[in-house]
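*Asks:* Chains A and B supply the protein sequences, listed in that same order. For the first sequence, full-length UniProt numbering begins at 1 and goes up steadily by one. For the second sequence, full-length UniProt numbering begins at 1 and goes up steadily by one. We put the beta carbon where it would ideally sit given N, CA and C, even for glycine. In this text the structure is predicted, and so the values were computed from the model without any measurement.
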Amino acid sequence: MSFLRGSFIDALVVLQMMVRDALNQAMDEELERDERVFLLGEEVAQYDGAYKVSRGLWKKYGDQRIIDTPISEVRAGLRPICEFMTFNFSMQAIDQVINSAAKTCYMSAGFQAVPIVFRGPNGSSAGVAAQHSQCFAAWYAHCPGLKVVSPWNSEDAKGLLKAAIRDDNPVVFMENELMYGVPFEMSEEALSKDFVLPIGKAKIERPGNHVTLVSHSRCVGHCLDAAAVLAKEGIECEVINLRSIRPMDTDAIEASVMKTNHLVTVEGGWPQFGVGAEICAKIMEGPAFNYLDAPVTRVTGVDIPMPYAKILEDNSVPQIKDIIFSIKKTLNV
Amino acid sequence: MSARTYADFTPEATFEIKKCDTFKLDEAPATQVVLTRDEGLEYYRIMQTIRRMELKADQLYKQKIIRGFCHLYDGQEACAVGIEASINLSDHLITAYRAHGYTLTRGGTVKEIMAELTGRRGGIAKGKGGSMHMYTKHFYGGNGIVGAQVPLGAGVALACKYQGNNQLCVCLYGDGAANQVCSLETSFNFICENNRYGMGTSVERAAASTDYFRRGEFIPGLRVDGMDLLCVREATRFAADHCRSGKGPILMELQTYRYHGHSMSDPGVSYRTREEIQEVRSKSDPISMLKDRMLSNNMASIEELKEIDVEVRKEIEDAALFATTDPEPPLEELCNHIYYNDAAVEVRGTNPWAKLKSVS
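(1) Which partner residues of M248 of chain A appear in the DSSP bridge assignment?
(2) In chain B, which residues lie with their C-beta within 9 Å of the C-beta of Y47 of chain A?
(3) Under 7 Å, Cβ to Cβ, is there at least one residue of chain B near V37 of chain A?
(4) Suppose you measure from the CA of T201 of chain A to the CA of L146 of chain A; what does that come to, to the nearest Å?
(5) If you follow the beta strand (DSSP E) that F23 of chain B is in, where does it begin and where does it stop?
(6) Can you check which of these residues, A:W270, A:A277, A:P318, A:K328, is closest to D303 of chain A by C-alpha distance?
(7) For K260 of chain A, which three-state DSSP category applies?
(8) In this structure, how does DSSP classify A202 of chain A when only helix, strand and coil are distinguished?
(9) Starting from the beta carbon of F69 of chain B, find every residue of chain A whose beta carbon is closer than 8 Å, and list them in chain order.
(10) Could you pull out every residue in the same chain whose Cβ sits closer than 7 Å to the Cβ of E236 of chain A, ignoring the five residues on either side in sequence?
(11) In terms of residue numbering, what span does the alpha helix (DSSP H) encompassing Y140 of chain A cover?
(12) From the DSSP output, in three-state form, read off L168 of chain B for me.
(13) Let me confirm a value: V333 of chain A is counted as buried when at least 16 other C-beta atoms fall within 10 Å, else exposed. Which label applies?
(14) Quick one: what's got a C-beta closer than 6 Å to S360 of chain B's C-beta in the same chain, skipping five residues either side?
(15) Measure the Cβ-Cβ separation of Q149 of chain B and S90 of chain B and say whether it is below 7 Å.
(16) Can you tell me which of B:I94, B:G101, B:T136 puts its alpha carbon nearest to the alpha carbon of V146 of chain B?
(17) What does the alpha-carbon distance come out to for the pair Y351 of chain B and T297 of chain A?
(18) Pull out every residue of the region 149 to 173 of chain A whose Cβ sits closer than 7 Å to any Cβ of chain B, in chain order.
(19) Of the residues A:A137, A:W58, A:A309, A:S316, which one's Cα is nearest the Cα of M27 of chain A?
(20) Would you kindly report the start and end of the unbroken alpha helix (DSSP H) that includes H92 of chain B?
(21) Verify the CB distance criterion: does F3 of chain A have a CB-CB separation below 7 Å to chain B?
(22) Helix, strand or coil for residue 395 of chain B? Go by DSSP, reduced to three states.
(23) Could you pull the DSSP bridge partners for R223 of chain B from this structure?
(24) Tell me which residues share the same chain as D266 of chain B and place their Cβ nearer than 6 Å to its Cβ, disregarding the 5 neighbours each side in the sequence.
(25) So what does DSSP say about P80 of chain A, is it helix, strand or coil?
(26) With three or more beta-carbon pairs closer than 8 Å as the criterion, would you say the region 39 to 55 of chain A touches the region 85 to 97 of chain A?
(27) Would you mind sorting E317 of chain B into buried or exposed? The rule is 16 or more other CB atoms within 10 Å of its CB.
(28) Under 8 Å between beta-carbons, which chain A residues line up against L331 of chain B? List them in chain order, please.
(29) Answer with yes or no whether the minimum CB distance from L104 of chain B to chain A is below 7 Å.
(30) Examine chain B for any beta-carbon lying closer than 7 Å to the beta-carbon of I324 of chain A, and answer yes or no.
(31) Where do the ends of the beta strand (DSSP E) carrying residue 338 of chain A lie?
(32) Can you list, in chain order, the residues of its chain whose CB lies under 6 Å from that of A157 of chain A, leaving out five sequence neighbours each side?
(33) If the criterion is Cβ atoms closer than 7 Å, does the pair N153 of chain A and F184 of chain A meet it?
(34) Skipping 5 residues on each side, what residues in its chain have a beta carbon closer than 6 Å to that of S215 of chain A?
(35) Write down the C-beta distance between R206 of chain A and V239 of chain A rounded to the nearest angstrom, noting that I regard them as a contact closer than 8 Å.
(36) Looking only at its chain, what residues have a beta carbon closer than 7 Å to the beta carbon of Q48 of chain B, apart from the 5 residues adjacent to it on each side?
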């Protein structure tokens with residue numbers, strides 16, 4: 001586990017931890033806590049994981065609990081953590097995720113639980129082109145029976161993964177490859193073995209009065225960057241980190257919109273039938289609608305398969321300037 | 001310039017090659033094959049071109065001029081070249097992501113392959129596809145998802161049968177994908193390029209049965225020495241005849257080896273030893289094997305082969321120069337080619353005010 005120690009101030013210890021290591025710590029702690037938990041996936045064992053998220057776990061827990069599988073094998077029973085090298089590959093197993101995992105509890109009238117976590121990198125990376133860059137948040141969040149979680153920073157990664165592993169339901173846990181190597185501060189509380197974040201609750205990363213920004217995963221960072229730029233112009237953005245896509249913390253969004261009167265959603269995925277589209281629908285159906293001073297704006301990926309060439313790829317995903325532009329248009333400034 | 005004249009060289013020679021293991025077949029490919037001087041020189045040139053092109057790609061990737069995924073083919077040249085030697089350009093071929101060699105043998109040029117790798121407008125897919133998504137006529141990529149190309153290949157073969165055009169489809173997959181391949185009844189060749197490792201997982205760990213040529217169950221199979229171009233060519237000839245005469249598909253397992261790791265982000269030495277890689281290079285390199293055969297049978301001179309090397313190197317350098325100086329695609333291209341042969345369509349950009357245009 002790689003982290004840099006900050007300085008000791010009274011009893012407060014501030015550590016930096018990369019998202020990859022937070023995920024590793026979460027799995028390590030849960031493997032230790034519950035014998036029924038095990039990890040399977042492509043190259044998770046001897047190779048230490050394609051993105052090194054499972055580094056060291058095979059050495060510690062052995063063949064029984066950390067299992068290398070050929071690409072599309074998924075087993076139910078016990079409490080498996082199933083790693084997809086990327087969620088693009090989950091499409092090969094998607095029938096199992098939806099028809100076997102998501103629907104089973106319902107079909108059996110509560111008799112058969114499916115306590116499984118599907119995790120792996122989701123969304124765009126850098127230069128991996130069309131078949132390896134899709135965001136699957138909307139696809140999975142569409143299905144009743146699944147929980148869908150999308151962490152942003154290391155604290156999210158650890159707390160939500162532990163929650164997902166302890167949850168008795170199938171959880172789709174969407175990580176982001178470009179975030180794995182990013183370090184974040186971890187509070188002492190976050191470093192404890194019992195640090196669990198509730199699924200279904202969003203977090204206000206930055207309070208503000210003028211506009212609500214709602215986002216998930218890597219785009220949360222972009223929103224905070226945009227907010228920092230706009231603060232200099234006197235525009236105060238409230239940035240909400242969804243953390244969960246399904247169930248979604250609609251109450252948090254509504255409370256914020258009722259305060260700011262303006263809403264901009266930001267996501268990496270495609271616009272049609274996406275996360276932002278769902279938020280728009282929910283806002284219209286609830287009390288916050290009457291507080292809106294302008295229609296909701298969705299900032300999304302461009303509605304095309306992901307191109308390879310760098311200049312095209314850069315222009316296919318929301319950039320900070322797109323977020324700033326959209327906020328100003330929404331505020332009519 | 002060689003002092004010897006054309007008349008000094010042996011125009012053709014007969015070679016003894018390894019016998020193929022067979023499964024559900026009464027006959028097997030010939031073990032005595034004829035290679036002409038002209039064929040030998042051509043195969044040498046193409047294999048050397050693939051080799052040099054892949055090594056240049058390695059270099060450009062390390063310089064970060066190539067991004068994303070890059071799966072190199074060096075070591076496996078005998079497969080692509082041997083297969084193409086026994087099929088026609090009017091036949092069809094589909095493979096997975098280790099596809100640069102096939103893009104070349106199927107009619108692509110080094111220049112447009114390299115420019116695709118560097119994401120430029122002169123790339124074979126205009127910079128929009130990248131390493132894993134290159135196409136030519138009757139070559140269907142270049143597919144990123146392991147095993148996904150096999151049902152596609154089956155579909156192409158079905159189309160050939162349906163149209164009665166006597167064309168074949170060659171459908172390649174790796175040992176890593178072999179656990180996903182389903183058997184289908186139609187007229188085409190399945191070819192398993194068994195390079196012993198599915199990313200970091202050796203075949204012994206990945207599959208209960210590593211006799212990939214037997215795993216078609218009802219489909220006859222051949223196991224072929226994939227490092228020997230003449231073996232691959234002969235086995236492909238045999239399999240193509242078998243298919244075209246209406247006897248159905250054949251599953252060929254080509255035993256081959258990749259010198260590089262799975263991709264450029266895999267050093268390739270955590271699951272196999274450097275000694276193993278070195279041993280294959282020194283004992284079984286496909287280009288060396290062909291070269292030794294030609295030289296020891298007086299089919300070419302060493303100077304002549306060196307000249308080919310020089311020409312190949314120049315071609316690669318010129319292509320790399322083009323690939324690094326050609327401009328990136330223009331932003332107007334961003335949304336084009338979503339649909340084929342369709343009316344122009346408006347495409348949503350990153351925000352509701354960004355209205356972009358897509359033409360077919």
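*Replies:* Checking against the coordinates, here is how it stands:
(1) The partner list for M248 of chain A (beta bridge, DSSP) is empty, contrary to what the question assumes.
(2) M199, G200, T201, D266, S270, Y271
(3) no
(4) For the sequence presented, residue 201 of chain A should be read as Lys rather than Thr. For K201 of chain A and L146 of chain A, the distance between alpha carbons rounds to 16 Å.
(5) 21 to 23
(6) A:W270
(7) The identity of residue 260 of chain A in the sequence shown is Thr, whereas the question assumes Lys. Reduced to three states, the DSSP call for T260 of chain A is helix.
(8) coil
(9) G127, V128, A129, H132
(10) G208, N209, H210
(11) 137 to 141
(12) coil
(13) exposed
(14) Leaving aside the five residues that flank S360 of chain B on each side, the residues in its chain whose CB is nearer than 6 Å to its CB run, in chain order, Y339, Y340, N341, D342.
(15) no
(16) The shortest C-alpha separation from V146 of chain B is found at B:I94.
(17) Tyr is not the amino acid found at residue 351 of chain B; the sequence shown has Asn there. Each residue's alpha carbon lies about 7 Å from the other.
(18) none
(19) From the listed residues A:A137, A:W58, A:A309, A:S316, the smallest Cα separation to M27 of chain A is found for A:W58.
(20) Where H92 of chain B is concerned, there is no enclosing alpha helix (DSSP H), although the beta strand (DSSP E) it sits in stretches over 92 to 94.
(21) Summary for F3 of chain A: the model assigns pLDDT 44, below 50, so the residue's position carries little reliability; its value from the coordinates is reported in the next sentence. It does not; no Cβ of chain B falls within 7 Å.
(22) Any answer about residue 395 of chain B is impossible in this case: the structure gives chain B only from 1 up to 360.
(23) Answer is B:D21, B:E253.
(24) Excluding positions up to five away in sequence, the list is empty.
(25) strand
(26) Yes, they touch.
(27) Around the beta carbon of E317 of chain B, fewer than 16 other beta carbons lie within 10 angstroms, which makes this residue exposed.
(28) Under the 8 Å cutoff, chain A gives I311, L312, N315.
(29) no
(30) no
(31) This structure leaves residue 338 of chain A out entirely; chain A is present only between 1 and 333.
(32) V19, A22, L23, P151
(33) yes
(34) C223, V266
(35) 4 Å
(36) I287, I308, D309, V312
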